[in-house]
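Undergrad:
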Amino acid sequence: MRLTDDDTNRSGHRAEEATDRSVALDDSLASSVHQPNVGVDQRRQSAAAGRLSHTSSVSQDVLPCTCGSRTPVTLGMHQSIHDAAPGSVGTTRASIVCELAEHTFASPHWGVVLEFTNGGGAVWARWSDANTPEFAPLGDCPAGDAPTAAACCVLFDEHPGPCSPDINPRYMPDQARLPRARTALRTLGNPEVQERPALQVASSTAALSIWDDLVSSGRWTSMAECDQAALYRHIANAGTWLSSKPEGVTELANALTFLAGLCESPPGSLLPGATEAAELDTRLWELPAAWQVSVLGDQHQRMPPTSRWDGTAPDEPSPRRPFHAALGAAEEQAARGEQPPQVEADWPTWSLRRTDLEALTERGTRTGKRLSRLPYGWRVDAVRRIQNGTNALSAASSPAGDINVLRSYGLWFGSWNGDGPRRPRRHP
Numbered sequence: 000m001r002l003t004d005d006d007t008n009r010s011g012h013r014a015e016e017a018t019d020r021s022v023a024l025d026d027s028l029a030s031s032v033h034q035p036n037v038g039v040d041q042r043r044q045s046a047a048a049g050r051l052s053h054t055s056s057v058s059q060d061v062l063p064c065t066c067g068s069r070t071p072v073t074l075g076m077h078q079s080i081h082d083a084a085p086g087s088v089g090t091t092r093a094s095i096v097c098e099l100a101e102h103t104f105a106s107p108h109w110g111v112v113l114e115f116t117n118g119g120g121a122v123w124a125r126w127s128d129a130n131t132p133e134f135a136p137l138g139d140c141p142a143g144d145a146p147t148a149a150a151c152c153v154l155f156d157e158h159p160g161p162c163s164p165d166i167n168p169r170y171m172p173d174q175a176r177l178p179r180a181r182t183a184l185r186t187l188g189n190p191e192v193q194e195r196p197a198l199q200v201a202s203s204t205a206a207l208s209i210w211d212d213l214v215s216s217g218r219w220t221s222m223a224e225c226d227q228a229a230l231y232r233h234i235a236n237a238g239t240w241l242s243s244k245p246e247g248v249t250e251l252a253n254a255l256t257f258l259a260g261l262c263e264s265p266p267g268s269l270l271p272g273a274t275e276a277a278e279l280d281t282r283l284w285e286l287p288a289a290w291q292v293s294v295l296g297d298q299h300q301r302m303p304p305t306s307r308w309d310g311t312a313p314d315e316p317s318p319r320r321p322f323h324a325a326l327g328a329a330e331e332q333a334a335r336g337e338q339p340p341q342v343e344a345d346w347p348t349w350s351l352r353r354t355d356l357e358a359l360t361e362r363g364t365r366t367g368k369r370l371s372r373l374p375y376g377w378r379v380d381a382v383r384r385i386q387n388g389t390n391a392l393s394a395a396s397s398p399a400g401d402i403n404v405l406r407s408y409g410l411w412f413g414s415w416n417g418d419g420p421r422r423p424r425r426h427p
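Once you know that position 124 of the sequence shown is 123 in numbering that gives the first Met the number 0, the rest is easy, because the numbers rise by one and skip nothing.
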């Protein structure tokens, strides 16, 4: 973490207090959602663009920034974390962020590493930029019992500096974040010559550094919900087995490169395909249900042909129609009052025509249910992936797992990944 002269002057009177109080703490360290119609034709694109906006009307520029210094949680730390509070239940963080107000180098960082779900308090980590974190269970700040969530302090008892409601959620500026992300992206650019652990570390470093830089600059709050979901998805996948496969690494590196570009773009800039995906999402839910099933069921990877039983060459499968084209054709047919193909009663059960259509209907029904239940931003991101060629069922199904993984970064999405800690934990 780096402080400019202005930052140091602005936080100087808090730094002394933070140092004194930190020393005093040394002893403690032993559903189904249907998109409503928002208009058609010339109104559709403007309505979709409106849904992309995700801004906050509350100005917090007068408050000190959150420190935002980040350190990873390594495999070797897990035993020490759980030894700090034996028998406690909670999700161990994949990385730790200092949640205190901006402070000087003389003061240590403090961040949650395991928040108890079976009672108040958490295991907190304390570290400096050069030292390994130490862990201790600490009780909640008494200001955490405020009547409203916005007034609750999410820090620990006798914490240094102001309570969290008096801290700007934006992280302190750090000129090293974006260069660190770009260095990690260069590592990801050569997956064939890198060992798996190096790829996992690089993917996590790139995704988290980009996220932190967007939060620090204030661009995060002006990003489209679907673009936020895209970065969340990459954070969930970064460092896992997905990021160690060459094809997965290449896809991740390309996506993170676009996201890194947002760090230097004007606030409110969009990732490629965001506006189109929002419009396609609106159009999909305007279709009759039977056509939704038909369109989504057909958006899957075609299996390569296999030889017939008599050894003759098989027919080549018909190519998958682009999502926007399939959607447009369905709209035209639905406008004429036509119905999608249906299984006829006289078709034999062994008929390929029957089994293929039944499979399409079952696949489309499952995809539609999963897609419609996603939060809006996640759903538009899934539609964007379908438009880019991802299997529709995969695009609609994977966000549930990604959202679950994000608990290890302190991110809670209501009923999607649990009720969260006893009091809402602040996150961007």
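Every residue, glycine too, gets a C-beta built ideally from N, C-alpha and C.
Quantities reported herein were computed from a predicted structural model and do not represent experimental measurements.
Under 8 Å, do Arg428 and Ala252 count as touching if we go by C-beta distance?
TA: The structure shown does not extend to residue 428, since the chain is modelled only from 0 through 427, so no value can be given for it.
Undergrad: Counting C-beta neighbours from all protein chains within 10 Å, is the total for Trp411 16 or more, i.e. buried, or is it exposed?
TA: As a first step, residue 411 is located in the sequence shown; it is residue number 412 there, counting from the start. If you draw a 10 Å sphere on the C-beta of Trp411, you find 16 or more other C-beta atoms in it, and that means buried.
Undergrad: Run through the DSSP bridge pairs and tell me what Asp139 is partnered with.
TA: Here residue 139 corresponds to residue number 140 of the sequence shown, with the count starting at 1. Beta-bridge pairing links Asp139 to Phe155.
Undergrad: Please state the DSSP three-state secondary structure of Thr73.
TA: Indexing the sequence shown from 1 puts residue 73 at position 74. In this structure, Thr73 counts as coil in the three-state DSSP scheme.
Undergrad: Taking 8 Å as the threshold (C-beta atoms), are Asp297 and Arg320 in contact?
TA: Counted from its first residue, the sequence shown places residue 320 at position 321. Counted from its first residue, the sequence shown places residue 297 at position 298. A contact, by the Cβ cut-off of 8 Å.
Undergrad: Quick one: grab the DSSP three-state call for Pro196.
TA: The residue labelled residue 196 in the question sits at position 197 within the sequence shown. Of the three classes helix, strand and coil, the one that applies to Pro196 here is helix, per DSSP.
Undergrad: If you draw a straight line from the alpha carbon of Gly75 to that of Arg282, how long is it in whole angstroms?
TA: In the sequence shown, counting from the first residue as 1, residue 75 sits at position 76. In the sequence shown, counting from the first residue as 1, residue 282 sits at position 283. Taking the straight line from one Cα to the other gives about 50 Å.
Undergrad: Should the segment 159-175 be regarded as contacting the segment 91-108, the criterion being three or more beta carbon pairs within less than 8 Å?
TA: yes
Undergrad: Buried or exposed, going by whether 16 or more other CB atoms sit within 10 Å of the CB of Thr65?
TA: As a working note, residue 65 is residue 66 in the sequence shown. A buried status is given to Thr65, since no fewer than 16 other beta-carbon atoms sit within 10 Å of its beta-carbon.
Undergrad: Cys64 by DSSP, collapsed to three states: which one?
TA: If you number the sequence shown from 1, residue 64 lands on position 65. DSSP places Cys64 within a strand segment (E or B) once states are collapsed to three.
Undergrad: In terms of residues, what are the limits of the beta strand (DSSP E) holding Ser350?
TA: Indexing the sequence shown from 1 puts residue 350 at position 351. No beta strand (DSSP E) holds Ser350; DSSP gives it neither H nor E.
Undergrad: Given a cut-off of 8 Å, decide if Leu177 and Ser208 are closer than it, judged by their beta-carbon atoms.
TA: As a first step, residue 208 must be located in the sequence shown, where it is residue number 209. As a first step, residue 177 must be located in the sequence shown, where it is residue number 178. For Ser208 and Leu177, yes; Cβs fall inside 8 Å.
Undergrad: Considering Glu337, what are the terminal residues of the alpha helix (DSSP H) in which it resides?
TA: Looking up residue 337 in the sequence shown gives position 338. Where Glu337 is concerned, there is no enclosing alpha helix (DSSP H), given that its DSSP letter is neither H nor E.
Undergrad: Pick helix, strand or coil for Asp40, following the three-state DSSP scheme.
TA: On the sequence shown, position 41 is the one that residue 40 refers to. In this prediction, Asp40 scores a pLDDT of 35, lower than 50, which makes its location untrustworthy; the coordinate-derived value is nonetheless stated afterwards. Coil, per DSSP.
Undergrad: May I have a chain-ordered list of the beta strand (DSSP E) segments no shorter than 3 residues that lie completely inside the segment 229-286?
TA: If one requires a minimum length of 3 residues, no beta strand (DSSP E) run lies completely within the segment 229-286.
Undergrad: Using DSSP with H/G/I as helix, E/B as strand and the rest coil, what is Val88?
TA: Taking the first residue of the sequence shown as position 1, residue 88 is located at position 89. DSSP places Val88 in coil when its eight states are reduced to three.
Undergrad: Of the choices Gln332, Ala105 and Ile80, whose alpha-carbon is the least far from that of Pro136?
TA: Walking along the sequence shown from the start, residue 136 turns up at place 137. The residue with the shortest Cα to Cα distance from Pro136 is Ile80.
Undergrad: Identify the continuous alpha helix (DSSP H) that holds Arg378 and give its terminal residues.
TA: The sequence position of residue 378 within the sequence shown is 379, counting from 1. Element bounds for Arg378: Tyr375 to Gln386.
Undergrad: Nearest to Val88 by CA position, among Leu351, Ser202, Ala381 and Leu113, is which residue?
TA: Taking the first residue of the sequence shown as position 1, residue 88 is located at position 89. When each option's Cα is compared against that of Val88, the closest is Leu113.
Undergrad: Does the segment 334-343 come within contact of the segment 191-206, defined as at least 3 CB pairs closer than 8 Å?
TA: no
Undergrad: Kindly examine the ligand NAD and report whether one of its heavy atoms sits closer than 7 Å to the Cβ of Ala254.
TA: With respect to the ligand NAD, the structure offers nothing, as it holds no ligand at all.
Undergrad: Given Ala183, which residues of its chain have a CB within under 6 Å of its CB, disregarding the five upstream and five downstream residues?
TA: Stepping through the sequence shown from its first residue, residue 183 is reached at position 184. Closer than 6 Å at the Cβ level, and outside the excluded window around Ala183, lie Ala201, Thr204 and Ala205.
Undergrad: Sort Val294, Gln341, Pro266 and Ala344 by Cα distance to His323 and report the nearest one.
TA: If you number the sequence shown from 1, residue 323 lands on position 324. Answer by Cα proximity: Val294.
Undergrad: How many angstroms separate the CA atom of Val32 from the CA atom of Phe104?
TA: Reading the sequence shown from its first residue, position 33 is the one you call residue 32. Reading the sequence shown from its first residue, position 105 is the one you call residue 104. With a pLDDT of 32 at Val32, under the threshold of 50, the modelled position of this residue cannot be trusted; read the value that follows with caution. Each residue's alpha carbon lies about 48 Å from the other.
Undergrad: Could you tell me whether the Cβ atoms of Tyr170 and Asp226 are closer together than 8 Å?
TA: Here residue 170 is taken as the residue at index 171 of the sequence shown, counted from 1. Here residue 226 is taken as the residue at index 227 of the sequence shown, counted from 1. Their beta carbons are not under 8 Å apart, which means Tyr170 does not touch Asp226 by this criterion.
Undergrad: Compute the distance between the beta-carbons of Ser407 and Arg92, then report whether it is under 8 Å.
TA: Residue numbering aside, residue 407 sits at position 408 when the sequence shown is read from its first letter. Residue numbering aside, residue 92 sits at position 93 when the sequence shown is read from its first letter. Cβ atoms of Ser407 and Arg92: closer than 8 Å.
Undergrad: Between Gly267, Pro265 and Pro271, which has its C-alpha nearest Thr256's C-alpha?
TA: Taking the first residue of the sequence shown as position 1, residue 256 is located at position 257. Considering only alpha carbons, the answer is Pro271.
Undergrad: Could you work out which residue in Ala124, Thr220 and Gln386 is closest to Ala325 when comparing CA atoms only?
TA: In the sequence shown, counting from the first residue as 1, residue 325 sits at position 326. Comparing C-alpha distances from Ala325 to each of Ala124, Thr220 and Gln386 shows the shortest one belongs to Gln386.
Undergrad: Ends of the alpha helix (DSSP H) at Pro172?
TA: To locate residue 172, count along the sequence shown from 1; it is residue 173. Here Pro172 belongs to no alpha helix (DSSP H), and DSSP marks it neither H nor E.
Undergrad: Going by DSSP in three states, Glu114 sits in which element: helix, strand or coil?
TA: To locate residue 114, count along the sequence shown from 1; it is residue 115. It is a strand residue.
Undergrad: Return helix, strand or coil for Trp415, following the three-state DSSP convention.
TA: Taking the sequence shown and counting its residues from 1, the one referred to as residue 415 is at position 416. Trp415: helix per DSSP, three-state reduction.
Undergrad: Keeping to the same chain, check which residues put their C-beta closer than 8 Å to that of Ser94; ignore five residues upstream and five downstream.
TA: Taking the first residue of the sequence shown as 1, we reach residue 94 at position 95. Close CB contacts of Ser94 within its chain, under the 8 Å cut and outside five residues either way in sequence, are with Arg69, Thr70, Pro71, Val72, Ser203, Leu207 and Tyr408 (chain order).
Undergrad: Could you tell me how far apart the beta carbons of Val379 and Ala277 are, in whole angstroms, since I believe they sit closer than 8 Å?
TA: By 1-based counting over the sequence shown, the position of residue 379 is 380. By 1-based counting over the sequence shown, the position of residue 277 is 278. Contact flag correct, Cβ pair sits at about 5 Å.
Undergrad: Run through the DSSP bridge pairs and tell me what Glu133 is partnered with.
TA: Here residue 133 is taken as the residue at index 134 of the sequence shown, counted from 1. In DSSP, Glu133 forms a bridge with Arg125.
Undergrad: Can you tell me where the beta strand (DSSP E) holding Ile95 begins and where it ends?
TA: Counting from 1 along the sequence shown, the entry for residue 95 is found at position 96. Taken as a continuous stretch (DSSP letters only), the beta strand (DSSP E) holding Ile95 covers Ser94 to Val96.
Undergrad: Based on the DSSP secondary-structure assignment, which residues constitute the bridge partners of Asn189?
TA: Sequence index remark: in the sequence shown, residue 189 carries index 190 (1-based). Note: Asn189 sits in no beta bridge, so no partner.
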